[in-house]
Amino acid sequence: SQQGEEDPQALSIQEGENATMNCSYKTSINNLQWYRQNSGRGLVHLILIRSNEREKHSGRLRVTLDTSKKSSSLLITASRAADTASYFCATGAPNTGNQFYFGTGTSLTVIP
Amino acid sequence: EPEVTQTPSHQVTQMGQEVILRCVPISNHLYFYWYRQILGQKVEFLVSFYNNEISEKSEIFDDQFSVERPDGSNFTLKIRSTKLEDSAMYFCASSFTGTGLDGYTFGSGTRLTVV
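As C-alpha cells, then:
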C-alpha cells in the first residue's frame, strides 16, 4: 500500500511548545502534502513538498522530506490552541495518476 | 480566497434511496475529485474527473456511483441505491493541474448518514 502512516496517533502539548508529527510511506512518491482537519470539517491544505525538495517553510510550519527513509515530518512552532486539529499526510506517487493516499492522521491537542 | 463549496453539509437518507451530493469547484480548476472518509478511518480516493470524463476511479467507486458535471460550475456525485456502509463524510476537491504538484483545494464536506 502507498498510504502514509502518521506518528504519533495523538499528541498533546502546552500552548507555545513545538509540535512534531511524522509520516512514513512505502513506495516512491512525486510529492507529499500535509493537511489539517478540524473536527467534523473539511481538509485544509497546509503545504506541499516535492520529491526533489528536502525542506519547506510556511509561516510557523516546517516540513522536511527524506526520500531515502521514506519519511516526512511536520513541525508547528509556537503552537496555539487554534492549532488543535488532526493532521494528515497525503502522498502522490508516479504512475498512480492524480490520486493521493492519505494516512490515518495525528490528532493534536494544544492546551491553553 | 477561492473555495470549493459543497452542499448539503449534512444529508440523511433511507437505505436504498438515491442521493446526489453537490460541489462547486474553483472556477478555473480543471480537475475534480471525490474522496470519502468513514468515521475514524482514512480519507479514501473515489474518483477523478477531467474534460468531462472519469480519469481514474478506485475499487470503492462501483456501479452504484456516478459523477457528472451538468453545467460549467457544478460537479455532482450520485449514489443510486444507498447502503448503510455508504455513511461517511464525502469531500469534493479540485485542482488546476492533474499533476498533483499544486495540491488540492477541498470542500468542507457533506456528511451522509444512511439509516
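Which chain is which? The protein sequence lines are A and B, in order.
When you read off a place in the first sequence, starting at 1, and then add 4, the result is the number in my numbering.
When you read off a place in the second sequence, starting at 1, and then add 13, the result is the number in my numbering.
We put the beta carbon where it would ideally sit given N, CA and C, even for glycine.
- Relative to residue 58(A), the option among 97(A), 12(A), 111(A) and 34(A) whose CA is nearest is 34(A).
- DSSP places residue 57(A) in no beta strand (DSSP E); its state is neither H nor E.
- Contact of residue 52(A) with chain B is assigned, a C-beta pair being separated by under 8 Å.
- Residue 46(A) is not a Cβ neighbour of residue 108(B), given a cutoff of 8 Å.
- At a cut-off of 8 Å, the C-beta of residue 103(B) has no neighbouring C-beta in chain A.
- In this structure, the alpha-carbon of residue 66(B) lies about 28 Å from that of residue 97(B).
- When only Cα atoms are considered, residue 9(A) and residue 68(A) end up about 15 Å apart.
- When DSSP states are grouped into helix, strand and coil, residue 75(B) belongs to the coil group.
- Contacts with chain A (Cβ-Cβ distance below 9 Å) from the stretch 109 to 121 of chain B involve 110, 111, 112, 113, 114, 115, 116, 117, 118, 119, 120 and 121, listed in chain order.
- Using a Cβ-Cβ cut-off of 8 Å, residue 45(A) counts as an interface residue toward chain B, since at least one Cβ of chain B sits closer than that to its own.
- Per the DSSP secondary-structure output, residue 112(A) pairs in a beta bridge with 15(A) and 89(A).
- Using beta-carbon distances, residue 61(B) counts as an interface residue toward chain A, with a partner under 8 Å.
- Identification of chain B residues near residue 49(A) by a Cβ-Cβ cut-off of 8 Å yields 116, 117, 118 and 119, ordered along the chain.
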